[in-house]
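With this note's numbering, the residue at position 21 of the sequence shown is 449, and numbering never jumps. Glycine is no exception: its CB is placed at the ideal position from the N, C-alpha and C atoms. From a predicted model like this one, the values you see are computed outputs, not experimental measurements.
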Amino acid sequence: MTENEEPRAPEYPQSPEEQSRLQRARAEEAIRAVSAGANPAEEAFALSNQYTDEWVDRAKARIRGLFRRR
(Lines of atoms letter the chains of each structure in order from A; the text may use other names.)
(Lines give C-alpha, C1' and ligand atoms only; values in the text may rest on other atoms or scores of the structure.)
Protein backbone atom coordinates (compact mmCIF):
# COMPACT_ATOMS: atom_id res chain seq x y z
CA MET A 429 0.00 0.00 0.00
CA THR A 430 1.38 3.41 -0.96
CA GLU A 431 1.11 6.47 1.23
CA ASN A 432 -1.82 7.84 -0.82
CA GLU A 433 -3.96 4.72 -0.57
CA GLU A 434 -6.67 4.41 2.01
CA PRO A 435 -6.79 1.24 4.10
CA ARG A 436 -9.41 -1.22 2.91
CA ALA A 437 -12.64 -1.51 4.83
CA PRO A 438 -13.15 -4.60 6.94
CA GLU A 439 -14.91 -7.53 5.30
CA TYR A 440 -18.68 -7.45 5.19
CA PRO A 441 -21.32 -8.25 6.34
CA GLN A 442 -21.23 -6.08 9.42
CA SER A 443 -24.06 -5.15 11.68
CA PRO A 444 -25.76 -1.82 10.93
CA GLU A 445 -24.59 -0.55 14.32
CA GLU A 446 -20.98 -1.42 13.52
CA GLN A 447 -21.23 0.21 10.08
CA SER A 448 -22.68 3.35 11.65
CA ARG A 449 -19.93 3.44 14.28
CA LEU A 450 -17.19 3.06 11.65
CA GLN A 451 -18.71 5.73 9.38
CA ARG A 452 -18.99 8.14 12.29
CA ALA A 453 -15.38 7.49 13.32
CA ARG A 454 -14.15 8.13 9.75
CA ALA A 455 -16.16 11.36 9.55
CA GLU A 456 -14.84 12.57 12.90
CA GLU A 457 -11.29 11.76 11.80
CA ALA A 458 -11.79 13.82 8.65
CA ILE A 459 -13.18 16.73 10.69
CA ARG A 460 -10.16 16.62 13.01
CA ALA A 461 -7.81 16.58 10.00
CA VAL A 462 -9.54 19.60 8.45
CA SER A 463 -9.43 21.40 11.79
CA ALA A 464 -5.70 20.70 11.93
CA GLY A 465 -5.19 22.30 8.52
CA ALA A 466 -5.83 19.53 5.98
CA ASN A 467 -7.43 20.31 2.64
CA PRO A 468 -11.24 19.88 3.02
CA ALA A 469 -11.65 18.84 -0.62
CA GLU A 470 -9.07 16.07 -0.27
CA GLU A 471 -10.71 14.80 2.91
CA ALA A 472 -14.16 14.80 1.31
CA PHE A 473 -12.79 13.05 -1.77
CA ALA A 474 -11.13 10.36 0.38
CA LEU A 475 -14.36 9.74 2.30
CA SER A 476 -16.31 9.56 -0.95
CA ASN A 477 -13.87 7.10 -2.50
CA GLN A 478 -13.92 4.88 0.55
CA TYR A 479 -17.72 4.86 0.60
CA THR A 480 -17.89 4.05 -3.11
CA ASP A 481 -15.31 1.28 -2.77
CA GLU A 482 -17.33 -0.33 0.03
CA TRP A 483 -20.52 -0.30 -2.03
CA VAL A 484 -18.77 -1.68 -5.12
CA ASP A 485 -17.31 -4.49 -3.01
CA ARG A 486 -20.77 -5.30 -1.65
CA ALA A 487 -22.31 -5.29 -5.13
CA LYS A 488 -19.59 -7.58 -6.48
CA ALA A 489 -20.08 -9.98 -3.59
CA ARG A 490 -23.84 -10.14 -4.23
CA ILE A 491 -23.36 -10.72 -7.95
CA ARG A 492 -20.80 -13.46 -7.28
CA GLY A 493 -23.24 -15.03 -4.84
CA LEU A 494 -26.00 -15.04 -7.45
CA PHE A 495 -23.82 -16.80 -10.01
CA ARG A 496 -22.52 -19.36 -7.51
CA ARG A 497 -26.03 -20.44 -6.60
CA ARG A 498 -26.88 -21.52 -10.14
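Out of curiosity, what's the CA-to-CA distance linking residue i and residue j?
{"i": "V484", "j": "Q451", "result": "16 Å"}
{"i": "A472", "j": "V462", "result": "10 Å"}
{"i": "R460", "j": "A469", "result": "14 Å"}
Specify the secondary structure class of residue i as computed by DSSP and reduced to three states.
{"i": "Q388", "result": "Nothing can be reported for residue 388, as the shown portion of the chain is limited to 429 through 498."}
{"i": "R497", "result": "coil"}
{"i": "A464", "result": "coil"}
Skipping 5 residues on each side, what residues in its chain have a beta carbon closer than 7 Å to that of residue i?
{"i": "N467", "result": "none"}
Among the residues of its own chain, which have a CB less than 8 Å from the CB of residue i, if the five just before and after it don't count?
{"i": "R496", "result": "none"}
{"i": "Q442", "result": "L450"}
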